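Notes to accompany the following structure.
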Amino acid sequence: MHVPIKRQLVQAGRHAAIILFGLLMLYPVLWLILSSFKPNHLIFTSGSLFPTSFTLEHYINGWKGLQGISFGRFFGNSVLISVMSVLGNVISCSLAAFAFSRLKFTFKGLWFSMMLVTIMLPYHVTLVPQYILYNELQWINTYFPLILPKWLAQDSFFILLMVQFIRGIPRELDESATIDGCGQSQIFFRIVVPLLVPALITTAIFTFLWSWDDFFSQMIYLSKIDLFTVQLGIRSLFDPSGQSDWGALLAMSTLSLLPVTIIFLLFQRYFLEGIATTGLK
Numbered sequence: 002m003h004v005p006i007k008r009q010l011v012q013a014g015r016h017a018a019i020i021l022f023g024l025l026m027l028y029p030v031l032w033l034i035l036s037s038f039k040p041n042h043l044i045f046t047s048g049s050l051f052p053t054s055f056t057l058e059h060y061i062n063g064w065k066g067l068q069g070i071s072f073g074r075f076f077g078n079s080v081l082i083s084v085m086s087v088l089g090n091v092i093s094c095s096l097a098a099f100a101f102s103r104l105k106f107t108f109k110g111l112w113f114s115m116m117l118v119t120i121m122l123p124y125h126v127t128l129v130p131q132y133i134l135y136n137e138l139q140w141i142n143t144y145f146p147l148i149l150p151k152w153l154a155q156d157s158f159f160i161l162l163m164v165q166f167i168r169g170i171p172r173e174l175d176e177s178a179t180i181d182g183c184g185q186s187q188i189f190f191r192i193v194v195p196l197l198v199p200a201l202i203t204t205a206i207f208t209f210l211w212s213w214d215d216f217f218s219q220m221i222y223l224s225k226i227d228l229f230t231v232q233l234g235i236r237s238l239f240d241p242s243g244q245s246d247w248g249a250l251l252a253m254s255t256l257s258l259l260p261v262t263i264i265f266l267l268f269q270r271y272f273l274e275g276i277a278t279t280g281l282k
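Last residue of the sequence shown: 282 (the numbering used here), numbering continuous.
Written out as C-alpha cells, the structure reads:
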C-alpha cells in the first residue's frame, strides 16, 4: 500500500472519530430540542430520539410564563442584564487595561498584582460581604448587583486579556500620536481601540454568555418574579414534588439557547481571532 493511501486512511479515521465524538457531545442538546416537540407522555417513555408526533403546545404553555407574567418578560430581563454587562465590561476593562499597559502612576505594580490575585479568588469567598454591602445599599431585588460591578472593571480576566493585547501594540504609534499633539484620551480612542477590536469582541461574547447563563448570582439577589431572568424562570418551571411541566421546561430551555448560539455564530471569526492574536502577542 502506498504511503499517500495510508495517510489518507489515517486521516479519514481521525475525521470519523472526531465526528463521532462530536455527535456524542451534541446528543444531549439534540435530545433537548427534539423532546420539546414531543407530547408529555412520550418525553421519557419513547425510545426514539425523533418524535413520532409533533406538538407546539409546550412552547405555547411555556411562553405564558408564571403567575400571569409572560416568559417574554423574563427574556427581556435577561437581555437587559446581559447587554448592560457587556457595555460595562467592554468600557471599564478596556480603560483599566490601557492604564495598566500604557500609563505611569504610583504603585502601579502593586495594583496590578492585587488585580491578578482577585482572579484566583472563588466567587463564593466574596459572596457574603458583597451581599451584606448590597443589602445595606438596599440593592437586593434590583439589577444593580448584577450590572454595576461590570462598570467598575470587576472582571480581572478581561483586564488581563486586554493588557496582553495592548502590550503587543508598538509604542511607536503612541509616540507618533503624541508628536502630532494627541493626548492620552485621543491615543486610546484613535489608536488603541481600533486595534483592540478583536479583544473587545472576545470580551463582549464571553460577558454575554456568562451573564445570560448566570443562575447563582441571579438566584441570590432576585426574588421578585417580575424581575426574574430566563434562568430563574426555567428553574421555576421545575417542581421537586414531581409535578413539573417537563414539556414547557424543555421548550423554554430550547429557546434560551437561541441568543447565545446566534451571537456565537455571528461573531465566531472575531472570537477566534481575539483568542489567537492575544496568545501570539
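Idealized CB from N, CA, C, for every residue including glycine. The model shown is predicted, which means the values in this text are computed figures rather than measured ones.
Sequence-distant residues of the same chain with beta carbon closer than 6 angstroms to residue i, five excluded per side
i, result
"ILE170", "LEU196"
"ILE188", "ASP175, ALA178"
"MET2", "Summary for MET2: the model assigns pLDDT 48, below 50, so the residue's position carries little reliability; its value from the coordinates is reported in the next sentence. If we look at MET2 and ignore the five residues flanking it on each side, it has no Cβ neighbours."
"PHE55", "PHE38"
"CYS183", "none"
Residue i to residue j span [Cα, whole Å]
i, j, result
"LEU122", "ASN136", "22 angstroms"
"VAL118", "VAL129", "19 angstroms"
"SER237", "PHE72", "11 angstroms"
"LYS282", "ILE167", "Confidence at LYS282 is low in this model, with a pLDDT of 47, below 50, so the placement of that residue is unreliable and no value is reported for it."
"ASP227", "LEU153", "27 angstroms"
"VAL320", "THR204", "This structure does not reach residue 320, given that the chain is present from 2 up to 282, and the question cannot be answered."
"SER186", "ALA100", "11 angstroms"
"ILE180", "PRO199", "27 angstroms"
"SER218", "LEU111", "29 angstroms"
"VAL312", "GLY48", "The requested residue 312 is not part of the displayed model; the chain covers only 2 to 282."
"ASP246", "LEU31", "19 angstroms"
"GLY248", "THR262", "21 angstroms"
"PHE216", "PRO146", "13 angstroms"
"ILE20", "LYS7", "20 angstroms"
Nearest neighbour of residue i, chosen from the options [CA to CA]
i, options, result
"GLU58", "ILE264, PHE51, PHE38", "PHE38"
"THR255", "TRP64, ALA13, GLY23", "TRP64"
"ILE133", "PRO29, GLN12, TYR222, ALA249", "TYR222"
"SER95", "TRP211, MET115, PHE158", "PHE158"
"LEU233", "ARG74, VAL126, THR262", "ARG74"
"LEU162", "VAL126, PHE113, PHE106, ILE6", "PHE113"
"GLN244", "GLY14, ASN41, ARG15", "ASN41"
"ASN142", "ASP215, ALA13, ALA252, MET220", "MET220"
"LEU67", "MET253, PHE190, LEU10", "MET253"
"MET116", "LEU266, PHE229, ALA98", "ALA98"
"GLU173", "ARG103, ARG8, PHE76, ILE120", "ARG103"
"LEU258", "GLY23, VAL11, ILE44, PHE76", "PHE76"
Other residues of its chain near residue i: CB distance less than 7 angstroms, five sequence neighbours each side excluded
i, result
"TYR286", "Within the shown structure, residues of the chain are numbered from 2 to 282, placing residue 286 beyond reach of any answer."
"GLY89", "ILE148, LYS151, TRP152"
Residue i Cβ short of 8 angstroms to the ligand COA heavy atom set
i, result
"ARG236", "Among the components modelled here there is no ligand, and therefore nothing to report on the ligand COA."
Closer than 9 angstroms to chain B by CB, residue i
i, result
"MET163", "The structure shown has no chain B; it contains just one protein chain."
Presumed contact (8 angstroms Cβ cut-off) between residue i and residue j, rounded CB distance
i, j, result
"VAL50", "LEU35", "First, the residue type needs correcting, since residue 50 is Leu and not Val in the sequence shown. The Cβ separation is near 6 angstroms, so the contact holds."
"TYR144", "ILE82", "6 angstroms"
"LYS151", "SER79", "Wrong, their Cβ atoms sit about 15 angstroms apart, outside the cutoff."
"ILE148", "SER224", "With 8 angstroms as the limit, ILE148 and SER224 do not qualify as a contact, their Cβ atoms being about 17 angstroms apart."
"PRO260", "TRP211", "13 angstroms between Cβ atoms; not a contact."
Cβ shell of residue i (< 8 angstroms), same chain only, five flanking positions each side left out
i, result
"LEU250", "GLY63, ILE235, LEU238, PHE239"
"ILE120", "SER157, PHE158, LEU161"
"ARG191", "ALA178, CYS183"
Counterpart residues of residue i in DSSP-defined beta bridges
i, result
"ILE70", "LEU67"
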